[in-house]
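Position 173 of the sequence shown, counting from 1, maps to 176 under the numbering used here, and the rest follow consecutively.
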Amino acid sequence: MTVNTILFDLDGTLLEMQTDPFVKSYLKEVGRHVGDQYDSQKLLSMIWEATKAMIVSQETDKTNEQVFIEYFTTHSGWKREDVWPLFDSFYRDVFPTLSHLTYPSPWAKKIVKAAKSQGFRIAVATNPVFPREAIYHRLAWIGLTADEFELVTVYEDMHSTKPNPSYFMEICEKLGVEPTDCVMVGNHMQEDMVASKLGMRTFLVTNWMEDRGEPQYPVDQRGSIEELHQAISTGTGVFAR
4 MTVNTILFDL
14 DGTLLEMQTD
24 PFVKSYLKEV
34 GRHVGDQYDS
44 QKLLSMIWEA
54 TKAMIVSQET
64 DKTNEQVFIE
74 YFTTHSGWKR
84 EDVWPLFDSF
94 YRDVFPTLSH
104 LTYPSPWAKK
114 IVKAAKSQGF
124 RIAVATNPVF
134 PREAIYHRLA
144 WIGLTADEFE
154 LVTVYEDMHS
164 TKPNPSYFME
174 ICEKLGVEPT
184 DCVMVGNHMQ
194 EDMVASKLGM
204 RTFLVTNWME
214 DRGEPQYPVD
224 QRGSIEELHQ
234 AISTGTGVFA
244 R
């Protein structure tokens, strides 16, 4: 069985980072940006809860953005038109300055270049719990743009999240490929390797690997980001054509 499409996770994979410390610092910056305009503890709690609502949502007719907004406004009692300008200004003015919380390296650009030179179709399969602007900023930190990929999953467009297998199916539908055409490359045992349930091949990147213990999924190949680059460049392992 050969593959023609590579799905790349972003956080902890192409963008070298530790997710939990980043998210904690990110939320702290959100609270600082809001200041005393709103109860910052309540606001951060609402962000967490609305994010969880996206993750467990089975409403396939609603985008993740719609689920987030509905939960946030319903449970906070705040109006979207009052709060969202603060979110928009945060992602525009503050979020781009948070690159110091990550460890971007040249490997991401090398890996993308190698994948293209080998004729693979490529997509960014990052968990779509962030707005488009935040995800595009994180790509910029590693010197990449959305235009270099056929698809970048963002919460405005997707209808489920990791680790729901339907997230990976929606990617396949958008790209017009079968799961067996794809390799999922990621650093998270539960959120990324779950793609194997659909028949996708998997490559687990070990530099910033995350594993909550259960459930465990089959891993077809694993290695450092440097070894990922080597495997793609030489068309070996799961990337054999």
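We treat Cβ as the ideally placed atom computed from N, Cα and C, and that holds for glycine.
Specify, as a first and last residue, the run of the alpha helix (DSSP H) that residue i falls within.
i	result
Ile138	135-144
Val70	67-79
Glu194	That residue, Glu194, is in no alpha helix (DSSP H); it is neither H nor E in DSSP.
Glu176	168-178
Thr54	43-59
Can you pull the DSSP bridge partners for residue i?
i	result
Phe206	Val188, Gln224
Asp14	Leu18
Pick helix, strand or coil for residue i, following the three-state DSSP scheme.
i	result
Arg215	coil
Thr8	strand
Val155	strand
Met161	coil
Asp85	helix
Ala111	helix
Pro24	helix
Gly34	helix
Leu147	coil
Val132	coil
Thr237	helix
Glu230	helix
Ala118	helix
Thr183	helix
Thr105	coil
Arg244	coil
Thr63	coil
Asp39	coil
Determine the closest residue to residue i out of the options, with distance taken between C-alpha atoms.
i	options	result
Asp122	Thr239, Thr8, Tyr170	As written in the sequence, residue 122 is Gly, which differs from the Asp given in the question. Among Thr239, Thr8, Tyr170, the Cα nearest to that of Gly122 belongs to Thr8.
Thr66	Glu173, Arg141, Gln40, Gln219	Glu173
Val86	Phe11, Gly189, Ile72	Ile72
Thr164	Phe152, Thr54, Lys27	Thr54
Asp23	Leu231, Arg215, Gly226	Arg215
Glu194	Val6, Ala128, Lys31, Val37	Ala128
Trp110	Glu84, Asn130, Gly15	Gly15
His36	Val97, Met196, Tyr139	Val97
Thr77	Ala56, Phe90, Arg95	Ala56
Glu136	Ile50, Phe93, Val6, Ala198	Phe93
Gln21	Glu32, Glu213, Val197, Trp144	Glu213
Ser199	Lys27, Pro221, Asp184	Pro221
Phe90	Pro166, Ile114, Leu30	Leu30
Leu101	Gly80, Thr5, Trp211, Phe25	Phe25
Val197	Ala143, Pro166, Ser79	Pro166
Thr156	Val132, Asp39, Thr239	Val132
Ala126	Lys82, Arg244, Trp144, Asp12	Asp12
Ala143	Phe171, Lys113, Pro99	Pro99
Between which two residues does the beta strand (DSSP E) holding residue i run?
i	result
Ala126	124-127
Exercise for the section: Taking 8 angstroms as the threshold, find out whether the region 112-121 comes into contact with the region 68-83 through three or more Cβ pairs. Expected result: Not touching, per the Cβ criterion.
Exercise for the section: Report yes or no: do the region 148-162 and the region 202-209 share at least 3 C-beta pairs separated by less than 8 angstroms? Expected result: Three or more Cβ pairs closer than 8 angstroms define a contact, and the region 148-162 falls short of that threshold against the region 202-209.
Practice task
Specify whether the region 216-229 and the region 39-52 touch according to this definition: at least 3 beta carbon pairs, one from each stretch, less than 8 angstroms apart.
Solution key: No, the region 216-229 does not touch the region 39-52.
Practice task
Please confirm if the region 94-112 is in contact with the region 55-64, defined as three or more CB-CB distances below 8 angstroms between the two stretches.
Solution key: Pairwise C-beta distances place the region 94-112 out of contact with the region 55-64, as fewer than three of them are shorter than 8 angstroms.
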